[in-house]
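In the UniProt record's numbering, the protein residues as written are 1 to 382.
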């Protein structure tokens, strides 16, 4: 793990000594540059030595938020770890929104600090190695709910991760963000935490608010509240996607709703938009209308690909019928595997992890190969 640097701002001499001791035990991974009792006292050192991490004591919420915002504006490449004896959701949310990368409870535990340092070190390693790296982005989209976009997005991301690729899963379905529910996760942070850093988001901070799943996918969760979602604009979405492209081999987006500026911003940076539908009359009519609208926005069949979900051989409406109505060929057809999907959702894991030999898992692997034939064939699933 790459060594990072740290600076401590803490008025408690005993706490500072304790943090020094813990950082000393991690000497291979972190180097302490100095310490100060107040931010004012240590600011010149911080601005001179540019530590990767600033550990900031917070005793007053308003002052702590202002100091965190100040550090963000003056030292945008430094991750701020705030430490406080208060663990209320109000404090955590306000300080994270102000720009804190981590919220550590006092007294700071060695394991909690080590985990936080490890995240920063890993992010810096990824950032250093990603120069010139360009991953691919796939957006899974349908304007209405109920057709399985989340199922497709989650399982496509998991399939790529299981095959050995670094994969991110971004939940942009702000009307009903449910990627974390599908995977039985309770993320501590969401995209709302990025709003204060708009224009200054870096790999270090981005990775710190993502949550790993056991399948190997890193999750960037959507905001919990509609009010928070309204603060996330097209610019921040594109900034985030551009950074994810440099950090991961693949980024899969789960999105829905109207062709808003936010969705169009995501589609602009996507290599493929997987328009996912089911074979019924409402699905075909919606598909026909929205595929035309997407083409009008400059996203034609070379980028937008049709994926048919929940297909049964005995369906009255055939795939060929859907292709005629929507004026495009289906890239892939996924089978209706309700029982297998129910098992996977109950277990909080993608189908490919719990039922790797199911028809759905095999079909999803075929979709991955169609989307990225060179990379998909370069590695074999474990």
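Glycine residues also receive a C-beta, built at the ideal position from the N, C-alpha and C atoms. These numbers come from a predicted model, not from an experiment.
Which of the three DSSP states is assigned to residue i in this structure?
| i | result |
| --- | --- |
| residue 305 | strand |
| residue 287 | helix |
| residue 371 | helix |
| residue 269 | coil |
| residue 217 | strand |
| residue 226 | helix |
| residue 296 | helix |
| residue 261 | helix |
| residue 350 | coil |
| residue 324 | helix |
| residue 362 | helix |
| residue 281 | helix |
Name the one or two DSSP bridge partners that residue i has.
| i | result |
| --- | --- |
| residue 330 | 306 |
| residue 254 | 140, 171 |
| residue 335 | 311 |
| residue 275 | 141, 306 |
Since residue i is in the alpha helix (DSSP H), which residue starts that stretch and which ends it?
| i | result |
| --- | --- |
| residue 347 | 338-347 |
| residue 241 | 234-247 |
If you measure from the beta carbon of residue i to each beta carbon in chain B, is any gap under 8 Å?
| i | result |
| --- | --- |
| residue 258 | Checking the listed chains, one finds no chain B in this structure; it contains a single protein chain. |
Within 8 Å, do at least three Cβ pairs link the region 227-244 to the region 194-207? yes
Specify whether the region 321-333 and the region 278-290 touch according to this definition: at least 3 beta carbon pairs, one from each stretch, less than 8 Å apart. yes
Kindly provide the ranges of any beta strand (DSSP E) runs that are 3 or more residues long and lie completely inside the UniProt domain "Response regulatory" (5-121), ordered along the chain. 30-36, 53-57, 79-84, 102-105
Go through the region 132-211 residue by residue and report every complete run of the beta strand (DSSP E) that reaches 3 residues or more, in order. 136-142, 167-171
Any chance the region 263-272 sits against the region 149-165, with 3 or more Cβ pairs inside 8 Å? no
Are the region 250-267 and the region 229-242 in contact at 8 Å, needing three or more beta carbon pairs? yes
Counting beta carbon pairs with one atom in the region 97-104 and one in the region 67-80, are three or more of them shorter than 8 Å? yes
Just checking, does the region 105-117 make contact with the region 83-97 on the three C-beta pairs under 8 Å criterion? yes
Quick one: any contact between the region 213-231 and the region 188-202, if contact means 3 or more CB pairs under 8 Å? yes
Taking 8 Å as the cut-off, does the region 293-310 touch the region 347-366 (at least 3 CB pairs, one atom from each stretch)? no
Specify whether the region 307-323 and the region 333-341 touch according to this definition: at least 3 beta carbon pairs, one from each stretch, less than 8 Å apart. yes
Is the region 140-155 in contact with the region 25-40, if contact means three or more CB pairs nearer than 8 Å? no
Cβ contact (3+ pairs, closer than 8 Å) linking the region 153-160 and the region 40-53: no
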